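J.:
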Amino acid sequence: AGPPHIDPEDEPLVAVLERDGRAGLPELQRATGRSESAVKRRLSALVASGALYIDVEYHPETLGQRIGAALWITTAPAALHSVGQALAAHTEIAYVTATAGQSNIMATLVARDTAGLYAYLSGPLGALPGVRHVEATPYLRRVKQLTYPRPAH
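Just so you know, the sequence shown maps onto residues 596 to 748 in our numbering.
1) Hey, out of Leu623, Pro607 and Leu712, whose CA is closest to Lys635's CA?
2) Under 8 Å between the Cβ atoms of Val729 and Leu716?
3) Please report how far the alpha carbon of Ala665 lies from the alpha carbon of Gly628, in whole angstroms.
4) Considering only residues of the stretch 628-711, which uninterrupted beta strand (DSSP E) runs meet the minimum length of 3 residues and lie entirely inside it, listed in chain order?
5) Give me whichever residues DSSP pairs with Glu604 in a beta bridge.
6) Relative to the C-alpha of Asp602, which residue among Ile700, Thr703 and Ser644 is closest?
7) What is the C-beta distance between Arg661 and Asp708, in whole angstroms, given that I count them as a contact (C-beta under 8 Å)?
8) Rounded to whole angstroms, what is the Cα-Cα separation between Asp605 and Ala640?
9) Is it the case that the Cβ atoms of Leu712 and Pro733 are separated by a distance below 8 Å?
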């Protein structure tokens, strides 16, 4: 079946949801010219295929997580998968990906304060087998939240 994709006729639907992920069916109907039931079916199909997913973005500070940091992690090659999976299960980790270059994992950590950052680095992260090196880069100020630009057609 191949990777999930968004059909050209879905572009108006996706454009509305990009502007406001909470857009209601009436707005989606107007944008697409489809009936409410057709919009519901298409949304369900896009979500089921993995082409579209529902995500919540929030400022971590609102939940008391005032410190963010990029973690550049180097693991033994054989430990790359297990370390990545372990990090993904940690509540302190908001994002994790395998990378190429000097480090082979990049993760985003959120913590209440510098003591929480230190506790994570010296505790759960430091205890993971296969971790060879960690460089933590604390964020000083958020300039832009994560977004996904869509390619032009």
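From the three backbone atoms N, C-alpha and C, an ideal C-beta is built for every residue, glycine too. Just so we're clear, the structure is a prediction, and the values are computed from it rather than from any experiment.
T.: The relevant details are as follows:
1) Among Leu623, Pro607 and Leu712, the Cα nearest to that of Lys635 is on Leu623.
2) The Cβ atoms of Val729 and Leu716 sit closer than 8 Å to each other.
3) Rounded to the nearest angstrom, the two C-alpha atoms are 43 Å apart.
4) Listed in chain order, the complete beta strand (DSSP E) runs (minimum 3 residues) inside the stretch 628-711 are 662-670, 688-693 and 700-706.
5) Paired residue(s): none; Glu604 is not in a bridge.
6) The candidate whose alpha carbon is nearest that of Asp602 is Ser644.
7) Separation of the CB atoms of Arg661 and Asp708 is rounded to 6 Å, and the pair is thereby assigned contact status at 8 Å.
8) Taken atom to atom, the span from the alpha-carbon of Asp605 to that of Ala640 is near 11 Å.
9) Yes, Cβ-Cβ distance for Leu712 and Pro733 is below 8 Å.
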